[in-house]
Amino acid sequence: IITKGLNFMRIGVICPSEIAFRRFMPALQGSDDFEFVGLGVCNVEERFGKNLPKASVVENVLNAEYEKAKLFTETYGGKIFESYQSIIESDEIEAIYIPLPPALHFKWAKEAMKHRKHVLVEKPSTVSAEDTKELVALAEEKGLALHENYMFIYHKQLDEIEQIVDSGEIGSVRLYRISFGFPMRANGDFRYNKALGGGALFDAGGYTLKYADRLLGENASIEYAKLNYVEDLDVDLYGSGVLSNDKGDIVLVSFGMDNEYKCELEVWGSKGILSTGRVLTAPAGFVPQVTLRKGNKDEVRELSADDTFRKSITQFANCIKDEEIRKKNYRKIERQAQLVEDFKKKAQESVGEK
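My numbering puts the first residue of the sequence shown at 13, with every later residue one more than the last.
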């Protein structure tokens, strides 16, 4: 480990996941706030519980995770902790990043905070508004940071898009439309497993609701919601909905995880249309563009590049340092969880479910 000094918070990672290896660690290396100590691999009980498969399966799964962890530490340094519990309990660790499947977030975030660790958790924070409120309450009680990693919200392009809209260049806004979907992932992906918190709403849909809430303001509400299923899966595969605010502004959202890739914002105004891609997923260094259509003429403008993962990590650090920022962040996490819950309930009502 390269020691950065006493002012750095010592952070560990639960699970050598793809997003931790490919996105979190490169962003962390440029952080002025954190020092990477190591990552935890699951033990038999943490991975399988009491329902153990045959011994060869257990061995293959645990060996595969350990090999990923070795590559992780060979690339980024740090040490391997032999279980999630051991890294959470370690005195070497002050903060934890949790990139596990959504259904596991509540358990391990709660356990981490019980051991007085600050928590950066991948989105969604949990799979229920009630569980999220419990985590927030525990964080408030112990004075700990809890940060949900919706990175896109920190991208400069969102401010720049709003500046164009607010300038009146496309006239009065008649409609916002946010679309986010991607092709079917590989077999075994947690997104298609209900027990692991899968489903299009928790994954792609959460992005669209987060952005819609920003566009509409704090009194945004779900007017219509639909979740679509297929026979082969027990999770929602795609969905759509309508949100509005007290001013009458409308956002249409659509999302899916067996779709042709799409990641778009369209703002339909009285005098023009603004549209852009990669509004939710722009990687570090990517230069986004907007197209402004007025009449039969299109104008393409470049927006600013940014590094949203690094900025999200900085926000996590700010939550650790500043109680006021920390409390505002709590409310945002609760708000997002409630929007997802409201969407799910509205979708159930639309098909007569209880």
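Ideal Cβ placement from N, Cα and C applies to all residues, glycine included.
Straight-line gap, residue i to residue j (C-alpha atoms, nearest Å)
i	j	result
L213	Y162	14 Å
T87	V242	41 Å
A349	G284	34 Å
E123	I100	7 Å
G42	R22	14 Å
I13	E30	With a pLDDT of 36 at I13, under the threshold of 50, the predicted position of this residue should be treated as unreliable, and no value is reported.
F328	L158	8 Å
G90	N19	18 Å
G251	R186	22 Å
A76	L208	19 Å
V265	E71	43 Å
N205	K135	16 Å
E153	L147	10 Å
N257	S233	6 Å
Q97	T303	49 Å
H130	R203	26 Å
L351	S68	43 Å
I110	P28	10 Å
S179	G289	21 Å
A81	G50	9 Å
L277	T293	12 Å
F48	R35	14 Å
T326	L315	22 Å
K366	V139	With a pLDDT of only 39 at K366, under 50, the local geometry of the prediction cannot be trusted, and the value read off the model is given with reservation. Distance between the alpha carbons of K366 and V139 is about 18 Å.
V25	L150	21 Å
S362	A216	21 Å
K16	D45	Only weak support exists for where K16 lies, its pLDDT of 44 falling under 50; the value from the coordinates is given anyway. Taking the straight line from one Cα to the other gives about 9 Å.
R184	D270	One detail in the question is off: residue 184 reads as Ser in this sequence, not Arg. Cα-Cα distance, rounded: 34 Å.
V56	G210	22 Å
E230	F84	40 Å
E172	E272	27 Å
C275	D334	34 Å
D201	E104	32 Å
A141	N63	28 Å
D143	V291	29 Å
K238	R189	16 Å
N199	E79	21 Å
G307	K119	54 Å
I176	D310	15 Å
G260	L40	41 Å
E174	F33	33 Å
Start and end residues, beta strand (DSSP E) containing residue i
i	result
I92	91 to 93
E235	233 to 240
E47	46 to 52
A107	107 to 110
H130	130 to 133
M269	Counting along the chain, M269 falls outside any beta strand (DSSP E), and DSSP gives it neither H nor E.
G24	21 to 26
S252	250 to 256
Contact with chain B by residue i, beta-carbon distance below 7 Å
i	result
G297	Considering every chain present, this structure includes no chain B. It has just one protein chain.
Range covered by the alpha helix (DSSP H) that runs through residue i
i	result
E86	67 to 88
I99	96 to 101
F60	56 to 60
F118	117 to 126
M37	37 to 41
Member of the options whose CA lies at the smallest distance from the CA of residue i
i	options	result
V369	D270, R226, P113	Nothing about residue 369 can be read from this structure; the chain reaches only from 13 to 366.
E58	L40, E94, A198, F48	E94
C331	K119, E160, G211	E160
L132	Q175, E106, G218, K145	E106
K340	G218, L315, L156	L156
V254	Q175, D45, A216, K358	K358
R391	F118, R189, I108, K119	A query on residue 391 cannot be resolved here, the shown segment of the chain reaching from 13 to 366 and no further.
P353	K145, K126, K62	Sequence inspection shows Glu at residue 353; the Pro mentioned does not correspond to that position. The shortest Cα separation from E353 among K145, K126, K62 belongs to K145.
G268	V247, G200, L74	V247
L116	K66, G61, F84, E79	G61
R305	L64, E181, E174	E181
F370	D103, E235, I176	What the structure shows of the chain is the stretch from 13 to 366, and residue 370 is not part of that stretch, so it cannot be assessed.
Q360	P113, K119, S191, N240	N240
A317	R338, E336, L170	L170
Within the stretch 153 to 223, note down every full beta strand (DSSP E) run reaching 3 residues or more, in order along the chain. For the stretch 153 to 223, whole beta strand (DSSP E) runs of length 3 or above, ordered along the chain, are 158 to 160, 185 to 193.
Curious, which full-length beta strand (DSSP E) runs of at least 3 residues does the stretch 275 to 361 contain? Correct list: 285 to 289, 301 to 306, 309 to 314.
Counting beta carbon pairs with one atom in the stretch 166 to 176 and one in the stretch 305 to 323, are three or more of them shorter than 8 Å? Contact between the stretch 305 to 323 and the stretch 166 to 176 is present, because at least three Cβ pairs lie under 8 Å.
Quick one: any contact between the stretch 298 to 310 and the stretch 220 to 227, if contact means 3 or more CB pairs under 8 Å? Segments in contact, no.
Contact between the stretch 338 to 357 and the stretch 191 to 200 (3+ Cβ pairs under 8 Å): No, they do not touch.
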